[in-house]
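Each step along the sequence shown adds one to the number in the working numbering, with nothing skipped, and position 539 is 1577.
Below: the structure, in structure tokens.
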Amino acid sequence: MRQIAGFIAPYWPAAVGGIISLVLVTAAQLFVPRFLGLTIDEIARSSSLRVLNSAALIILGAFALRSLLLYGQIFFGYFLSHRVVADIRQRSFEQIQRWSLARFSGWTSGDLISRSLQDTLVIQSTLLVGIFDLLAVILTVAGILAMLLLLQWRLALFTLVVIPVLLGAARVFGREIQHASQRAQARTAGLASMIREAFGAARVIRAFVQEEREIRRFRRQNERTFQENLRISQLIAAQVPVVSLLTAGGLVAVLWFGGRMVAAGLMTVGSLVAFLAYAALAVEPAVSLSRSYASVRQGLGALDRVLELLNPAGELRDAPDAVPLPPIRGDIRFTAVSFAYPDGQTAALRDVSFTVPAGERVAIVGPSGAGKTTLINLLPRFHDPSSGSVQIDGQDLRAVTLRSLRRQIGLVPQETVLFSGTIRENIAYARPDASLEQVEAAARVANAHDFIVALPQGYDTGIGEGGVALSGGQRQRLAIARAVLNNPRIIILDEATSALDPESEQLIQQAFDRLMESRTTFIIAHRLSTVRKAGRIVVIDEGRIVEDGRHDELVAAGGTYARLVGPQLVDAASGE
Ligand code: ADP
Ligand code: MG
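Written out as structure tokens, the structure is:
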């Protein structure tokens, strides 16, 4: 609740407007029965039509005023609820953009999407709307009680007995509904993940002919979601009649007792009519009291799920005194670096120390799972070492701002990610203000210019979702152009060519050769032809550096490297 108040606080004028309308609506409503009762007694006494006429006008006026104010009450309520949801969505997206890469491994994209869209919608429609309804109900019920006590306190005390019963019912239903709705939301998130997979894994699903299984899986989950929603519906459906019955019983009791009091001369007929009108007025709020309470509980379940997105745990932030990294030369030093993933059992890197002078080309070689990607991920600070330090030009990376560091590093990952948009926009992703000449120059370095100008709209050709289909090699060259455009001093190529055909690879090799000129380069590769070109080879195995030297030296030494590239050496020899 404190969290929600924090989200509403900036819009306090709307909240105040809503509450003022609410109070006035309630007052107008409470005025009518009492006025009615007085009028009845007055007419019974004087039989005056003038009294009747003016009374009718006044009641009509009170209702007209109430309707007008009701508009304000409802509008402000919806305004606030939608406003708060928009803010929560914005905040969670901002937060997700700051998540460390390690934190994503515990999540599926479907879960993220369903929490930021679906759960926030539930917060809007249940929690926030429920809070305003609850306020209205509490105010109305309190007002009605006050009026009842004023009218006939003995009869009023008698009706009070109903209240604890109503509250008890509200609590029981509310708790059950909250739990059921939490389960329903989790199931819905599971559905969202499957829909994502139907899209992302479509080729694999077709290739292994697993459509039917996916459909069955979805049906199971969908049916479970339905069952949970059914449970919520049953609870809500049962709740309304139960509460109505309780209140109707109360009304009948009031009529019975009140009638006896009128007969005994303890109360006027007008007062009894007013009393009954108030009691009837309380039925609707009493019913919605329990419904709004259940709504609020349901919304709180969703809020919990959204707050997990907003939890800043595991964020990689700039140190408070971080300075921008000045333009670098590219000297790199790892000192006794160890690293373990938060959920990993063993360390991914152990006591890794080495230095790379600016401009050197280093190939990183090792069996898969050895820690190569983990090692180079420390350079753009996707993670911080658990112990030891990484320095560029003698500057510890933890002391500089992430932004200034990452802008000076060009990363070409194994999986090329292209955004929907034009080719030009994709190349200029990190520098949207780059001129067409700069984009073209980058594309030339990446050996991409020729294929781009051959496309129907050249650099303005749309790619990504719904755009033109590019081959793996073409996509990879766009990724290289993207890294080149920033003119970084440090280049990281993480298995960037592993999945390519020989012809594409050759085009990309040429691109690399241009790219690596006079820059510090780390290249993770398995192909001998790629590795051999690096002046220096660092061999990693089980998180440790096991060898470090030139190709011929390492082959001659007959260690891990010789074992890894041995088969390819034989192939190369027999091919020549
Ligand atoms: P390589 O790139 O050499 O194939 P990685 O650096 O990707 O190897 O992985 C090194 C080790 O760290 C492996 O044992 C892998 O299972 C583990 N690992 C990699 N990424 C994560 C992660 N996000 N969370 C937990 N463990 C990870
Ligand atoms: Mg890897």
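Just so it is clear, CB atoms sit at the ideal spot from N, CA and C, and this is done for glycine as well.
#1: What three-state label does DSSP hand Leu1354 in the structure shown?
#2: Suppose contacts are defined by Cβ-Cβ distances below 7 Å. Is Gly1075 in contact with Val1311 by that definition?
#3: Nearer than 6 Å: is that true of the beta carbon of Gly1228 relative to any heavy atom of the ligand ADP?
#4: For the ligand MG, I want to know if Thr1568 counts as a neighbour, meaning its beta carbon is within less than 6 Å of at least one of the ligand's heavy atoms.
#5: Between Ile1530, Ile1447, Ala1094 and Thr1568, which has its C-alpha nearest Asn1524's C-alpha?
#6: Taking the Cβ atom as the reference point for each residue, do Thr1164 and Ser1333 lie within a distance shorter than 7 Å?
#7: With a threshold of 6 Å (Cβ to nearest heavy atom), would Thr1384 be considered close to the ligand MG?
#8: In this structure, does DSSP put Gly1296 in helix, strand or coil?
#9: Looking at the ligand ADP, does it come within less than 6 Å of Lys1410, judged from the CB to the closest heavy atom?
#10: Comparing alpha-carbon positions, which option in Ser1105, Leu1062, Leu1155 and Asp1125 lies nearest Ala1043?
#11: Report the option in Val1307, Leu1108 and Val1070 whose CA atom is closest to the CA atom of Leu1060.
#12: Any heavy atom of the ligand ADP closer than 6 Å to the CB of Ser1326?
#13: Quick one: does the C-beta of Gly1407 sit closer than 6 Å to a heavy atom of the ligand ZN?
#14: Cα-Cα, which of Gln1220, Val1122 and Gly1426 is closest to Glu1041?
#15: Just reading off the beta strand (DSSP E) that Leu1435 is part of, what are its end residues?
#16: Please go through the stretch 1122-1154 and give each complete alpha helix (DSSP H) segment of 4 or more residues, from N-terminal end onward.
#17: With a cut-off of 8 Å on the beta carbons, I'd call Thr1559 and Val1577 a contact; round off their distance for me.
#18: I'd like to confirm the pairing. Which residues does DSSP put opposite Thr1373 in its beta bridges?
#19: Taking Glu1585 as part of the beta strand (DSSP E), name the residues at either end of that continuous run.
#20: Going by DSSP, what residue range makes up the beta strand (DSSP E) through Ala1332?
#21: With which residues is Arg1574 paired in a DSSP beta bridge?
#22: Assuming Val1200 and Gly1288 are in contact, meaning their beta carbons sit under 8 Å apart, how far apart are those beta carbons, in whole angstroms?
#23: Taking Ile1370 as the reference, which of Leu1347, Gly1168, Val1390 and Ala1396 has the closest Cα?
#24: Counting along the chain, where does the alpha helix (DSSP H) carrying Thr1197 start and finish?
#25: Quick one: does the C-beta of Ser1143 sit closer than 6 Å to a heavy atom of the ligand ADP?
#26: Cα separation between Ala1517 and Glu1533?
#27: Under DSSP, the beta strand (DSSP E) around Ile1561 begins and ends at which residues?
#28: Using a Cβ-Cβ cutoff of less than 8 Å, which residues in the same chain neighbour Thr1226 once the five nearest sequence positions on both sides are dropped?
#29: Using 8 Å as the Cβ pair cut-off and three pairs as the minimum, do the stretch 1318-1332 and the stretch 1082-1099 touch?
#30: According to DSSP, simplified to helix, strand and coil, what is Arg1388?
#31: By Cβ distance below 6 Å, which residues in the same chain neighbour Arg1367 in space, the five residues on each side in sequence not counted?
#32: How about Tyr1109: is its Cβ closer than 6 Å to a heavy atom in the ligand ADP?
#33: Between Ile1253, Tyr1116, Leu1354 and Ala1208, which has its C-alpha nearest Arg1136's C-alpha?
#34: By how many angstroms is the C-alpha of Gln1162 removed from the C-alpha of Leu1347?
#35: Roughly how many angstroms separate the alpha carbons of Phe1550 and Tyr1049, rounded to a whole number?
#36: Tell me where the beta strand (DSSP E) around Val1450 begins and ends.
On the basis of the coordinates in this document:
#1: Here Leu1354 sits in coil by DSSP.
#2: Cβ distance < 7 Å, so Gly1075 and Val1311 count as in contact.
#3: Gly1228 has its CB no nearer than 6 Å to any heavy atom of the ligand ADP.
#4: No, since every heavy atom of the ligand MG falls outside the 6 Å radius drawn around the Cβ of Thr1568.
#5: Ranking the options by Cα distance to Asn1524, first place goes to Ile1447.
#6: In contact: Thr1164 and Ser1333 (Cβ atoms closer than 7 Å).
#7: Checking every heavy atom of the ligand MG against the Cβ of Thr1384, none is found closer than 6 Å.
#8: In the structure shown, Gly1296 adopts helical secondary structure according to DSSP, grouped into three states.
#9: Taken from the Cβ of Lys1410, at least one heavy atom of the ligand ADP lies inside 6 Å.
#10: The residue among Ser1105, Leu1062, Leu1155 and Asp1125 with its C-alpha nearest the C-alpha of Ala1043 is Asp1125.
#11: Answer by Cα proximity: Leu1108.
#12: No, since every heavy atom of the ligand ADP falls outside the 6 Å radius drawn around the Cβ of Ser1326.
#13: Among the ligands modelled here, namely the ligand ADP and the ligand MG, the ligand ZN does not occur.
#14: Glu is not the amino acid found at residue 1041; the sequence shown has Gln there. Of the candidates Gln1220, Val1122 and Gly1426, the one whose C-alpha sits nearest the C-alpha of Gln1041 is Val1122.
#15: Run containing Leu1435: none; DSSP gives neither H nor E here.
#16: Within the stretch 1122-1154, the alpha helix (DSSP H) runs of at least 4 residues that lie entirely inside it are, in chain order, 1139-1142 and 1147-1151.
#17: Incorrect: roughly 17 Å between the Cβ atoms, too far for contact.
#18: In the DSSP output, where bridge partners are listed per residue, Thr1373 has Ser1427.
#19: Run containing Glu1585: Arg1582 to Gly1587, per the beta strand (DSSP E) assignment.
#20: Boundaries for Ala1332: no beta strand (DSSP E) harbours it, while the alpha helix (DSSP H) harbouring it runs Val1307 to Leu1348, taken from the DSSP string.
#21: Answer by DSSP bridge pairing, in chain order: Val1400.
#22: Separation of the CB atoms of Val1200 and Gly1288 is rounded to 4 Å, and the pair is thereby assigned contact status at 8 Å.
#23: Cα-wise, what sits closest to Ile1370 is Ala1396.
#24: Its alpha helix (DSSP H) spans residues Trp1191 to Leu1198.
#25: Checking the Cβ of Ser1143 against the ligand ADP gives yes.
#26: Between Ala1517 and Glu1533, the C-alpha separation is close to 13 Å.
#27: Residues Thr1558 to Ile1562.
#28: Excluding residues within five positions, the ones whose Cβ falls inside 8 Å are Ser1152, Gln1156 and Thr1263.
#29: Result no; under three Cβ-Cβ pairs closer than 8 Å.
#30: Here DSSP, grouped into helix, strand and coil, assigns Arg1388 to strand.
#31: So the list reads Ala1396 and Asp1431, once near-sequence residues are dropped.
#32: In this structure, the ligand ADP has no non-hydrogen atom nearer than 6 Å to the beta-carbon of Tyr1109.
#33: Arg1136 has its Cα closest to that of Leu1354, out of Ile1253, Tyr1116, Leu1354 and Ala1208.
#34: Whole-angstrom Cα-Cα distance: 17 Å.
#35: Distance between the alpha carbons of Phe1550 and Tyr1049: 54 Å.
#36: Note, Val1450: beta strand (DSSP E), Ile1447 to Val1450.
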